[in-house]
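Novice: Keeping their order, the protein sequence lines are chains A and B. Using the working numbering, you'd call the opening residue of the first sequence number 1 and step up by one each time. Using the working numbering, you'd call the opening residue of the second sequence number 1001 and step up by one each time. Note that beta-carbon positions come from the ideal geometry of N, C-alpha and C, so glycine has one too. Structure below; questions to follow.
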Amino acid sequence: AAGVIQSPRHLIKEKRETATLKCYPIPRHDTVYWYQQGPGQDPQFLISFYEKMQSDKGSIPDRFSAQQFSDYHSELNMSSLELGDSALYFCASSLGGPGANTEAFFGQGTRLTVV
Amino acid sequence: GQQVMQIPQYQHVQEGEDFTTYCNSSTTLSNIQWYKQRPGGHPVFLIQLVKSGEVKKQKRLTFQFGEAKKNSSLHITATQTTDVGTYFCAGLNFNKFYFGSGTKLNVKP
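Written out as structure tokens, the structure reads:
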């Protein structure tokens, strides 16, 4: 069965550079969540989208932006990267909107290392 | 701030012993989900609980959702080395999933 696809799997960037992470949800899923997981930490909610509109925002820095496109894939754009941005970034998708009683499926994550 | 608290943070057990992790929310949750994350891996969905007082079982795993829909527990009977990993609860409240801090389980053979 198709799962959530994230690309790239690994990314190394220098401080102050820009990075773009991509997420392709499970087919027909209309909701995407982004999470940031630091070493030894629990996943922290960044932002979510439902039907191409931002549905909620968490602890996402102003240097980050995201959007969901017409094909429901989502991109997380990160600018002026800092060392503290090094983390595992997960995308999850679900069906029916964030308020729906439906499970979220996670991608394998993108490991971002800022040097 | 953190809305979903999870305890314990770490648990070391001997293979064959039982294990329980607890999840508590400061607010009523629409539903709660449990995930398992192996070292270096991504969270994998285990189960979702929706109804007040709901109990679900998956082989050796038993999941409970409290009557007030503010707490939940995951109990593993007779742990095996394959149970090693971090178990997260994630509560749905106001359109966001709030993850608990996770319980890292280590099982000694």
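1. Excluding sequence positions up to five away, which residues of its chain have a Cβ less than 6 Å from the Cβ of G96/A?
2. Relative to the C-alpha of Q36/A, which residue among E51/A, M53/A, K57/A and F69/A is closest?
3. Provide the residue span of the beta strand (DSSP E) that contains L1074/B, from first to last.
4. So, using beta-carbon positions, are L1074/B and F1063/B closer together than 8 Å?
5. Near F1099/B, what residues of its chain come up, given a Cβ to Cβ distance below 6 Å and the 5 sequence neighbours on each side ignored?
6. I need the straight-line Cα distance from A1068/B to L1061/B, nearest angstrom please.
7. Which same chain residues, not among the five before or five after S1026/B, have their C-beta less than 6 Å away from its C-beta?
8. Count the C-beta pairs between the stretch 81 to 93 of chain A and the stretch 1012 to 1020 of chain B that are closer than 8 Å, then say yes if the count reaches three, no if not.
9. If you drop the 5 nearest sequence neighbours on each side, which residues of the same chain put their C-beta closer than 6 Å to that of L21/A?
10. Please report the straight-line C-alpha distance between C91/A and D62/A, rounded to a whole angstrom.
11. By DSSP's criteria, I5/A is part of a beta bridge. Which residues make up the other side?
12. Beta-carbon within less than 8 Å of Q1011/B's beta-carbon, same chain only, minus the 5 sequence neighbours each way: which residues are those?
13. Which residue's Cα is closest to the Cα of Q67/A: M78/A, S59/A, I60/A and M53/A?
14. Can you tell me the Cα-Cα spacing of V165/A and P27/A, whole angstroms?
Specialist: Well, looking at it:
1. The residues are T102.
2. Among E51/A, M53/A, K57/A and F69/A, the Cα nearest to that of Q36/A is on K57/A.
3. Counting along the chain, the beta strand (DSSP E) containing L1074/B begins and ends at N1071 to I1076.
4. Inclusion of L1074/B and F1063/B in the CB contact set at 8 Å is warranted, their separation being smaller than that value.
5. Cβ neighbours of F1099/B beyond the five flanking positions: F1088 and A1090.
6. So the two alpha carbons sit approximately 22 Å from each other.
7. The answer, listed in chain order, is Q1003.
8. These segments do not touch.
9. For L21/A, same chain residues with a beta-carbon under 6 Å away, outside a window of 5 residues either side, are L76, Y89 and T110 in chain order.
10. Approximately 19 Å, taken between the alpha carbons.
11. According to DSSP, residue pairing for I5/A in a beta bridge involves Y24/A.
12. Here the set comprises F1019, T1021, T1103, K1104, L1105 and N1106.
13. Of the candidates M78/A, S59/A, I60/A and M53/A, the one whose C-alpha sits nearest the C-alpha of Q67/A is M53/A.
14. What is shown of chain A runs 1 to 115, which leaves residue 165/A out entirely.
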